[in-house]
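Right, one structure below, let's go through it.
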Ligand code: BGC
Ligand code: NOJ
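Numbering (the numbering used here), first residue to last: 14 to 819.
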């Protein structure tokens, strides 16, 4: 069952009924001002940091769901009827509803009482504000006398405090209202130097800034008294709960349309120019006023929207493909790229499942996210790499997270996730292969942001690798520390305390528990270091670790997962539950381990036999059915959910890549399709999350809700699936020497075409299947290429590449 449809030409997903299984969201903003917005206009906005600079209030896990948003109410002043064109909060009487989620904008449209309203929400490039551009059309044969009410609820900046510290918060709310503009200035009188403004393009009849005056006592957002009575109260918030609501009157002739534009913005003032006049407590509005004047004009707003649309067109233009499969095309060309950019912006902070208060930017997450956007915004990838490396400790370890506002490591979580540093090497390698910018290796970067400790980035990478070697366990496999990629495999935690964080607590010495996964990751990272530096000794280190993995990490039919605190294997036939795990199969095969003795093939076969389901490949089998104190959070989840045997979509692409490396294009593509959200659109009632983006998990076969997705949007799944399909199945792979092209496509495909921007040159690729195998022959501009890497041509802006597969 579908709730909408893809409009690939417009690059939009069009939801055609509002009661989607869950709120299906989109993101506004791509630089510093951001928001999430659902298909019924629910969501919130923030500046840079979803916790510390929250502009508007949203209620997670609320009943009814998805409350707090960017709402307009329309009222027919003749009949007294009122409705919300975004369906919520009133949820009645809208016809022809549609919500178009596009790249950085959302358009919601509906008709009620013969009045059509369309609201386009977006954040202009270069600005710290959002626009709601409403077009209201009278379809009646007589004139309509309407009222429009806007409403947002202000958050008191720190979203966590906002939801908890009521004894203070209900006393501090402050606003100003000048010329119809509502200024939210809570705490501005003291230590904050930022405020929010909410403005409207039309003359304002009246306003409200105190929530209870607008709603009326004991009323909800679905029946505000101000709207019901058609009369705002001109309330001024002193404490309690400040809101922003304008009341506008509109007279529309038959067939007439009018636009009303609302602007919600964030503004900072220099400390010494906060007040106007100086010494007062009145907000200095000088910087905001010209911005408001500009964006309350329709022509400016249209221009800003067009610029945003073009901007996304340009970003998506880095790689466009045309394959025989529409799901591949739409994900690779549009939605997967978009999701990659969103994970770049948000890391894991703000979504329907991430409350914006819990987590900073993950070190592991952000380094892996790089794989998905390094070719789109290389300069920003460079900056991200430096920011991350600057949080690294001198011993090569890393803070698990850093705060986007301060770019400092997060002390509350600390370090000790022993895979973290190695991902930095993979991220930098991806950057170097894409850009050829070796200068980044000489960039001086401090450790733990401490002045005086600066060292070239290359030294950071060396320390990253050395960190693993300095932390080996009894089998000479890497010690796992708090956890590796699987944050829930907490082998030193031994938590008995309800509510204790599995990630930050640890109750045993960490000198025994080892990770086969980190062993595989080390092999990949060491090979990358050899390629970066030309130093062969890194390859020897890789080989030594690969041998150790084979010696102590092979279980007979698959790679083991780990050794626990007692030196007992995890992910082995010897175990009662959790006998096989997906992660080491993927990572060890990607590391090239077990290729010359058939073990890689064998591991892949075990994955197929034991872990693959029609909805994707699960993490482990058998699922843990009881709490294993020695394994930690993984066994805290009911079977089939999250790290305990769900289809953890991040890991599936590793198996796709493994299959491609083993020359099995059919299997790789089959796994790709099983979790491709577009390919799952038709079972939206089962999948339930948005069909245009990946979710972190799909419930596994042990779960009663097998096939149901959760935690959509902010997941490393985006970058890795993008890498799997573009670099390994389509085989378009940046290398140091040029653009590698080595497709391992399904046997049924007769080929594909692609256009890839690479180091300033457009590669126009036509791949044709001429035989059943994967052997590749390439010509570039008519000349035979030796091998599978097409060098970047000198002095040409374009190269025609013909690839024969057979
Ligand atoms: C989740 C993991 C996540 C970890 C760290 C756990 O509860 O299951 O997926 O990585 O928290 O935030
Ligand atoms: C989500 C986290 O963001 C990621 O870093 C981790 O690897 C996975 N969960 C698996 O635990």
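Cβ coordinates follow ideal geometry from the N, Cα and C atoms, glycine included.
Pairwise C-beta distances place the region 641 to 650 out of contact with the region 701 to 713, as fewer than three of them are shorter than 8 Å.
Where residue 340 is concerned, the enclosing alpha helix (DSSP H) starts and stops at 339 to 343.
Under the criterion of beta carbons closer than 8 Å, residue 592 and residue 635 qualify as touching, at roughly 7 Å. With a threshold of 7 Å, the Cβ atom of residue 501 counts as near the ligand BGC, since some heavy atom of the ligand is closer than that. Around the beta-carbon of residue 586, fewer than 16 other beta-carbon atoms lie within 10 Å, marking it exposed. For residue 629, the secondary structure class from DSSP, reduced to helix, strand or coil, is strand. Between the beta-carbon of residue 526 and that of residue 576 there is about 6 Å, and that keeps the pair under the 8 Å contact cut. At a threshold of 7 Å, residue 655 counts as near the ligand BGC, since its beta carbon sits closer than that to one of the ligand's heavy atoms. In the DSSP secondary-structure assignment, residue 567 is bridged to 572. Excluding the 5 residues flanking it on each side, residue 14 has same chain C-beta neighbours closer than 8 Å at 695, 696, 697 and 698, in chain order. When the Cα atoms are used, residue 712 and residue 655 turn out to be separated by approximately 7 Å.
Every beta strand (DSSP E) of 3 residues or more that sits fully in the region 124 to 182 is shown, in chain order, as 128 to 135, 142 to 151 and 157 to 170. The Cβ neighbour count for residue 749, taken over all protein chains shown within 10 Å, is under 16; the residue is labelled exposed. Annotated three-state conformation of residue 769 is strand, per DSSP.
Within 7 Å of the C-beta of residue 516 there is at least one heavy atom belonging to the ligand BGC. If you compare the alpha carbons of 412, 505, 40 and 357 with that of residue 462, the shortest gap goes to 412. Contact between residue 166 and residue 78 does not hold, since their C-beta atoms are separated by about 16 Å, which reaches or exceeds 8 Å. Here the C-alpha atom of residue 338 lies approximately 16 Å from the C-alpha atom of residue 20.
Within the model, the alpha-carbon separation for residue 60 versus residue 252 is close to 23 Å. Shown here for residue 798: same chain residues with a beta carbon closer than 7 Å to its own, the five before and five after excluded, namely 791 and 792 in chain order. Rounded to the nearest whole angstrom, the CA to CA distance from residue 515 to residue 506 is 7 Å. In terms of CA proximity to residue 162, 147 leads the group 432, 147 and 175.
Residue 47 is bridged by DSSP to 59. Rounded to the nearest whole angstrom, the CA to CA distance from residue 603 to residue 675 is 10 Å. Going by DSSP, residue 351 is part of the alpha helix (DSSP H) stretching over 349 to 359. Under the DSSP assignment, residue 213 falls in the beta strand (DSSP E) whose first and last residues are 207 to 213.
Counting C-beta atoms within 10 angstroms of its own C-beta, residue 352 has 16 or more neighbours from the protein chains shown and is therefore classed as buried. Residue pairing from DSSP places residue 119 in a beta bridge opposite 114 and 134.
In this model, residue 410 and residue 582 are separated by some 25 Å (Cα to Cα). For residue 710, the pairing in a beta bridge is given by DSSP as 661 and 723. The Cβ atoms of residue 431 and residue 497 sit closer than 8 Å to each other. The shortest CA-to-CA distance from residue 101 to any of 657, 233 and 175 is the one to 233. Here DSSP, grouped into helix, strand and coil, assigns residue 442 to helix. Here residue 143 is not near residue 125, since their CB atoms are 8 Å or more apart.
Close CB contacts of residue 724 within its chain, under the 7 Å cut and outside five residues either way in sequence, are with 366, 708, 709 and 710 (chain order). Shown here, residue 346 sits in a helix according to DSSP, grouped into three states.
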